[in-house]
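> Be aware that the sequence shown starts at 59, since it is given in this note's numbering, and climbs by one per residue. Glycine included, every Cβ here is placed at the ideal spot set by N, Cα and C.
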Amino acid sequence: MRFRNILPALVIAANSFLFSTQLAAQALPIPNYSVVTDERLINPEDQNWLSYRGTLDGWGYSKLDEIDTDNVTELEPVWSFSTGMLGGHEAPPVVNDGVMFVTTPGNLVYAIDAASGDMLWRYQHDLPETYIAFHRTNRGVALYGDKVYTATLDARVVALDAATGRKAWDTTVQDNNFGYYITMAPLAIDGKILVGTSGGELGIRGFIVALDAETGEEVWRTYTVPSPGEPGNETWPGESWRTGGAAVWVPGHYDPELGLAYFGTGNPGPWIGDQRPGDNLYTNSVLALDIETGAIRDHHQYHWNGSWDWDEVSTPILMPVERNGRLIDALVHPGRNGYLWTLERTADQINFVDAEPYVYQNAFASIDPETGRPTYDPA
């Protein structure tokens, strides 16, 4: 038995030899493009992969069952597609009723027929010659309404017509000359497009911004390093908060019942913690943001005053977990600090449940069983 009809896009190859042939194809509008709604993002059809992790709770799980352990060895390639770009491709393809969207390093966006592998359209973002970025990574697109959203290395968010690839709007979220650049796939929900920026090693002050999905206008902006007068600023000495890092470069997850978006944050800057004594909120944390206002409802910091480049940007998975005979709505996060963290999420709080090591590490002497705050081993 062969499964030639169920393998759209198992291979997306970055091979320059086929590039010129593919670009010669004349892109045509995609007929009857399926509009992406909040309901579809929250409860996607089994055959679709409408967001970065498939569903907004972050499970990364497909309900399709035609391929199983009995027949997986019989699979054969159906098609391959050359993006024409070398380097690491980190964007998971998203699929909407047979149309696949994928990005490349350097901010190309492709729409591909998932059945045939034919290019439907291509968009190339024009980067300035002097743009600042440590690497050319892009982690994918977001789909919402009749548009495709991509974020760029010069700290912009671009909305494209999903049927044609034509630009609908283009918004600068921060000045790239100050070290801000974007590598993440946006999070689309509630009429908003949410992004954060990379640049934690370049002296930035991290933030998450929400843009209006139709116009690109800013709806709200929440900084991941608080300024004077905001809760948490006391954890930064002097003016160190201005360049404190806490970059956000992985898409958040969303709880529709609570109306909260959850984002992980990166390490503090500069790297060596002795230069900025204190907890350095909200670095290496998970934040619960009100989707309407961007207000921080609560946070949990996995480790304070980090000096190990242990970004905790991977957003926790939203899932039910049983503890002591009680089913809780949990945030589950495999941390870069070597612990699997389980937290309880409520309307106004993130509560520590437990943390278990999954690899050896010798930085933590213990973790407080009530708060989850680690004590560092002085050795």
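Can you tell me whether W299 is buried or exposed, with buried defined as 16 or more other CB within 10 angstroms of its CB?
buried
> Give me the DSSP bridge partner(s) of Q359.
Note: Q359 sits in a beta bridge opposite S343.
> Can you tell me the Cα-Cα spacing of T433 and A271, whole angstroms?
43 Å
> What are the residues that DSSP puts in a beta bridge with L201?
V206
> Could you give the residue range of the alpha helix (DSSP H) that holds L99?
Boundaries of the alpha helix (DSSP H) harbouring L99: 96-100, taken from the DSSP string.
> Verify whether the separation of the beta carbon atoms of V267 and V253 is less than 8 Å.
yes
> For V130, which of helix, strand or coil comes out of DSSP?
helix
> Among D115, G303, F422, which one has its Cα closest to the Cα of N338?
Comparing Cα positions, the closest option is G303.
> Hey, would you say W179 sits closer than 8 Å to G223, going by beta carbons?
yes
> Work out the CA separation of V231 and A82 for me, nearest whole Å.
The predicted model places A82 with a pLDDT of 31, which falls under 50 and marks its position as unreliable, so this point remains unresolved.
> Report all residues from its chain with a CB closer than 8 Å to the CB of Y340; omit the five preceding and five following residues, and keep chain order.
T282, V283, P284, G290, A304, T323, I354, H357, Q359
> Which same chain residues end up closer than 7 Å to A437 when comparing Cβ atoms and leaving out the 5 residues on each side of it in sequence?
Annotation for A437: no residue places its beta carbon closer than 7 Å to its own, counting only its chain and skipping 5 residues before and after.
> Might you give, ordered along the chain, the residues of its own chain that have their beta carbon closer than 7 Å to the beta carbon of G310, omitting 5 neighbours on each side?
Residues of the same chain with a CB within less than 7 Å of the CB of G310, apart from the 5 flanking positions on each side, are L245, L252, A319, Y320, F321, T373 in chain order.
> Would you mind sorting N235 into buried or exposed? The rule is 16 or more other CB atoms within 10 Å of its CB.
exposed
> Quick check on the DSSP output: the beta strand (DSSP E) that includes K250 runs from which residue to which?
250-254
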